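If you want the numbering used here, it's the position in the sequence shown, counting the first as 1, plus 1395.
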Amino acid sequence: MTFYCTNCWNEIDAQTEICPYCGTDQNELDNESYVEKLIRSLNHPEASTPVRAANILGNLKAKEAEAALLAKLKFESDPFTTEAVVDALLKINPALKETIKKLIGTEIPITIKHLLED
Ligand SMILES: [Zn+2]
1396 MTFYCTNCWN
1406 EIDAQTEICP
1416 YCGTDQNELD
1426 NESYVEKLIR
1436 SLNHPEASTP
1446 VRAANILGNL
1456 KAKEAEAALL
1466 AKLKFESDPF
1476 TTEAVVDALL
1486 KINPALKETI
1496 KKLIGTEIPI
1506 TIKHLLED
């Protein structure tokens, strides 16, 4: 089984307490829920991490992630991250389609056009 730092998501040993990459105490974060960790990962600087986090949040239909995903969408410029965030939001709450359209405006990235069609 592979273990990841729950802050920077680099691979670490299962016994590691202090992440050698970012210095985060792995025990310190244990009072945070899985969904809270995923929400925090939406702002990870490496683009593949927010995409993974958004996909998992969508599959979990994590209602508590709705506000964070909408906030992410507002300032996101990467089309693949935008796609993952929109996909997650629509899985969590399909009624958000109009809100998402308003947030994105007229220049809808090609990666999400199919998600927002009526
Ligand atoms: Zn780390």
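By construction, the Cβ of each residue, glycine as well, lies at the ideal position given by its N, Cα and C atoms. Nothing here was measured: the structure is a model prediction, and the numbers come from that model.
For ligand 1, is there any heavy atom lying closer than 8 Å to the beta carbon of T1419? In the sequence shown, counting from the first residue as 1, residue 1419 sits at position 24. Checking every heavy atom of ligand 1 against the Cβ of T1419, one is found closer than 8 Å.
Could you check whether the Cβ of N1422 sits closer than 8 Å to any heavy atom belonging to ligand 1? The residue labelled residue 1422 in the question sits at position 27 within the sequence shown. Flag unset: Cβ of N1422 not near ligand 1.
When you compare each of A1479, K1458 and L1511 to K1467 by their alpha carbons, which one comes out closest? Position 72 of the sequence shown, counted from the start, is the residue given in the question as residue 1467. It is A1479 whose Cα lies nearest to the Cα of K1467.
Does the region 1442 to 1459 come close enough to the region 1408 to 1427 that 3 or more CB-CB pairs lie under 8 Å? Below 8 Å, too few C-beta pairs join the region 1408 to 1427 and the region 1442 to 1459 to call them touching: fewer than three.
Ligand 1 heavy atom lying under 8 Å from the CB of I1451: Here the question's residue 1451 lines up with position 56 in the sequence shown. Outside the cutoff, so no.
If we ignore side chains and look at the alpha-carbon of each, how far apart do V1520 and A1457 end up? Residue 1520 is absent from the structure shown; the chain starts at 1396 and stops at 1513.
Within the present structure, is the beta-carbon of N1438 separated from the nearest heavy atom of ligand 1 by less than 8 Å? Residue mapping note: residue 1438 aligns to position 43 of the sequence shown, counting from 1. N1438: no, Cβ never under 8 Å from ligand 1.
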